[in-house]
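Numbering (this note's numbering), first residue to last: 1046 to 1350. Data first, discussion second: the structure below is written as structure tokens.
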């Protein structure tokens, strides 16, 4: 079976690998982190391959069901397809696995970014994606290289932070508030979104939404096609990159408290590949401005003479 590859990310990775061949970092740390990133990338590709294969199996099962129903319009009982139960269960596992491995692959890149940037930060900044995101967007003392990094990757990082944080908080870590959780199935629309909704939505929740909407409107940010206050929260999530940085924390808390549908797996896959491609390309173009330049082999050899 052929593995589906993130071709752009792989190409950018190999270009960076080539650039790093002249870097002699202490304890071979750069190459070690590059190896771990590649391993995580391969794991992510295996999961997305499984996801696409199971999705295709479900499509074929439903086509067979529709054909059978059309051929037997008077039938009162239909025998279930032998693979339907497995495929319906497996697709959710694969979708959740994409989020889990998405978190892993982002975190794998953080130690490499730490070695790359000249900035000196707190010990935990590069230990967790949320910590790194807050530092990158809130610090007033970024180096010029870190500032350029934020400007180039910021929109994608903003999206990934919101989406992966939602999955982590609602499906992995915080279970103190029970939520209605599940997965949407719509073969025709390729809809396999995870969802987590608050039980007992009330007037206080509605007021929080209306108050936040007023802040957005005051900034001339209008989210059209709103059906009701609860739907407005979904629109916030779908348009997360349009939310001003000083409102993003409040928006994410509101989103997680009220609940939403996650993005489609295909969009997550696309965003992960875009992040990796932008990251590796940025490093290639800016090695001479980074900490890596101190460890170019010719510079290291000069120090040893």
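Quick reminder that beta carbons are idealized off the backbone N, C-alpha and C, glycines included. Owing to the predicted nature of the structure, the values given are computational and were not obtained by experimental measurement.
Quiz prompt | Residue span of the beta strand (DSSP E) that contains residue 1199, given as start and end | solution = Reading the chain shown from its first residue, position 154 is the one you call residue 1199. Where residue 1199 is concerned, there is no enclosing beta strand (DSSP E), although the alpha helix (DSSP H) it sits in stretches over 1189-1212.
Quiz item: Does DSSP classify residue 1119 as helix, strand or coil?
Solution: Along the chain shown, one-based indexing puts residue 1119 at 74. DSSP places residue 1119 in coil when its eight states are reduced to three.
Practice problem: Look up residue 1243 in the DSSP assignment and say whether it is helix, strand or coil. | Solution: For the purposes of this step, residue 1243 is taken as residue 198 along the chain shown, with counting starting at 1. DSSP places residue 1243 in strand when its eight states are reduced to three.
Practice problem: Determine which residues share a DSSP beta bridge with residue 1151 and list them. | Solution: Counting from one through the chain shown, the residue named residue 1151 turns up at place 106. Residue 1151 pairs with nothing; no bridge assigned.
Quiz item: For residue 1093, which residues of its own chain have a beta-carbon under 7 Å away from its beta-carbon, when the five flanking residues on both sides are left out?
Solution: Against the chain shown, residue 1093 aligns to sequence position 48. Excluding positions up to five away in sequence, the list reads 1049, 1143 and 1314.
Quiz prompt | For residue 1046, the three-state DSSP class (helix, strand or coil) | solution = Taking the chain shown and counting its residues from 1, the one referred to as residue 1046 is at position 1. Three-state result, residue 1046: coil.
Quiz item: Touch check for the stretch 1144-1151 and the stretch 1207-1214: three-plus C-beta pairs under 8 Å?
Solution: yes
Practice problem: Could you tell me how far apart the beta carbons of residue 1190 and residue 1156 are, in whole angstroms, since I believe they sit closer than 8 Å? | Solution: Against the chain shown, residue 1190 aligns to sequence position 145. Against the chain shown, residue 1156 aligns to sequence position 111. Contact doesn't hold; Cβ gap of about 17 Å is too wide.
Quiz item: So does the stretch 1088-1106 actually touch the stretch 1160-1180, counting three or more Cβ pairs closer than 8 Å?
Solution: no
Practice problem: Look up residue 1333 in the DSSP assignment and say whether it is helix, strand or coil. | Solution: Within the chain shown, residue 1333 is the residue found at index 288, counting from 1. The answer is helix: DSSP assigns residue 1333 an H, G or I state.
Quiz item: Between residue 1068 and residue 1311, what straight-line distance do the alpha-carbon atoms span, to the nearest angstrom?
Solution: As a working mapping, residue 1068 is identified with position 23 in the chain shown. As a working mapping, residue 1311 is identified with position 266 in the chain shown. Rounded to whole angstroms, residue 1068 to residue 1311 spans 36 Å at the Cα level.
Quiz item: Which residue comes first and which comes last in the beta strand (DSSP E) that contains residue 1128?
Solution: Stepping through the chain shown from its first residue, residue 1128 is reached at position 83. No beta strand (DSSP E) holds residue 1128; DSSP gives it neither H nor E.
Quiz item: Where residue 1078 and residue 1153 are concerned, what is the direct C-alpha to C-alpha distance, given to the nearest angstrom?
Solution: Mapped onto the chain shown, residue 1078 falls at position 33. Mapped onto the chain shown, residue 1153 falls at position 108. The alpha-carbon atoms of residue 1078 and residue 1153 are separated by roughly 7 Å.
Practice problem: Check each candidate in 1126, 1285, 1320 and 1170 and name the one with the smallest Cα separation from residue 1108. | Solution: Position 63 of the chain shown, counted from the start, is the residue given in the question as residue 1108. Nearest C-alpha to residue 1108: 1126.
Exercise. Determine, using beta carbons only, whether residue 1241 and residue 1304 come nearer to each other than 8 Å.
Key: In the chain shown, the residue the question calls residue 1241 occupies position 196. In the chain shown, the residue the question calls residue 1304 occupies position 259. The answer is yes: Cβ separation under 8 Å.
Quiz prompt | Inter-residue CB distance, residue 1327 and residue 1200 (contact presumed, cutoff 8 Å) | solution = If you number the chain shown from 1, residue 1327 lands on position 282. If you number the chain shown from 1, residue 1200 lands on position 155. Not really, about 14 Å apart at Cβ, beyond 8 Å.
Self-check item: residue 1043, enclosing beta strand (DSSP E) - first and last residue
Solution: The chain is shown only over 1046 to 1350; residue 1043 falls outside these bounds and no answer can be derived.
Quiz item: Using a Cβ-Cβ cut-off of 7 Å (strictly less than) and excluding sequence neighbours within five positions of residue 1258, which residues of its own chain qualify?
Solution: Position 213 of the chain shown holds residue 1258. If we look at residue 1258 and ignore the five residues flanking it on each side, its Cβ neighbours are 1277.
Quiz item: Who does residue 1227 pair with in a DSSP beta bridge?
Solution: Start at 1 with the first residue of the chain shown, and residue 1227 comes out as number 182. Paired residue(s): 1240.
Exercise. Name the residue from 1342, 1090 and 1056 whose alpha carbon lies nearest to the alpha carbon of residue 1047.
Key: For the purposes of this step, residue 1047 is identified with residue 2 of the chain shown, where counting begins at 1. Cα-wise, what sits closest to residue 1047 is 1090.
Quiz prompt | Assigned secondary structure, residue 1232 (DSSP; H/G/I helix, E/B strand, else coil) | solution = Within the chain shown, the letter at position 187 stands for residue 1232. For residue 1232, the predicted structure reports a pLDDT of 46, less than 50, and the residue's modelled location is therefore unreliable. A value from the coordinates is still provided. Residue 1232: coil per DSSP, three-state reduction.
Quiz item: With a CB to CB cut of under 7 Å and the five nearest residues on each side skipped, what residues in its chain are close to residue 1102?
Solution: Here residue 1102 is taken as the residue at index 57 of the chain shown, counted from 1. Excluding positions up to five away in sequence, the list reads 1128 and 1132.
Quiz item: Any chance the stretch 1055-1073 sits against the stretch 1328-1344, with 3 or more Cβ pairs inside 8 Å?
Solution: yes
Exercise. Let me know the secondary structure DSSP gives residue 1309 once reduced to three states.
Key: Translated into the one-based positions of the chain shown, residue 1309 becomes position 264. It is coil, neither helix nor strand.
Quiz item: Is the beta carbon of residue 1203 less than 8 Å from the beta carbon of residue 1285?
Solution: Taking the first residue of the chain shown as position 1, residue 1203 is located at position 158. Taking the first residue of the chain shown as position 1, residue 1285 is located at position 240. Against a cut-off of 8 Å, the Cβ pair of residue 1285 and residue 1203 comes out as a contact.
Exercise. On a CA-only basis, which of 1301, 1076 and 1342 is nearest residue 1216? Give me that one, please.
Key: Position 171 of the chain shown, counting from 1, holds the residue named residue 1216. When each option's Cα is compared against that of residue 1216, the closest is 1301.
Practice problem: Alpha carbon to alpha carbon, how far is residue 1342 from residue 1309? Give it in angstroms, no decimals. | Solution: Residue 1309 sits at position 264 when you count from the first residue of the chain shown. Residue 1342 sits at position 297 when you count from the first residue of the chain shown. Answer to the nearest angstrom: the Cα atoms are 45 Å apart.
Quiz item: Taking the Cβ atom as the reference point for each residue, do residue 1225 and residue 1244 lie within a distance shorter than 8 Å?
Solution: Position 180 of the chain shown holds residue 1225. Position 199 of the chain shown holds residue 1244. Their beta carbons are under 8 Å apart, which means residue 1225 touches residue 1244 by this criterion.
Quiz item: From residue 1354 to residue 1290, what does the alpha carbon distance come to, in whole angstroms?
Solution: The structure shown does not extend to residue 1354, since the chain is modelled only from 1046 through 1350, so no value can be given for it.
Practice problem: State the DSSP-derived secondary structure class of residue 1347, mapped to helix, strand or coil. | Solution: Reading the chain shown from its first residue, position 302 is the one you call residue 1347. With a pLDDT of only 47 at residue 1347, under 50, the local geometry of the prediction cannot be trusted, and the value read off the model is given with reservation. Helix.
Quiz item: With DSSP run on the structure shown, which of helix, strand or coil describes residue 1255?
Solution: Here residue 1255 is taken as the residue at index 210 of the chain shown, counted from 1. Reduced to three states, the DSSP call for residue 1255 is helix.
Quiz item: Shortest alpha-carbon distance to residue 1266 belongs to which of 1182, 1071, 1292 and 1053?
Solution: To locate residue 1266, count along the chain shown from 1; it is residue 221. Ranking 1182, 1071, 1292 and 1053 by Cα distance to residue 1266 puts 1292 first.
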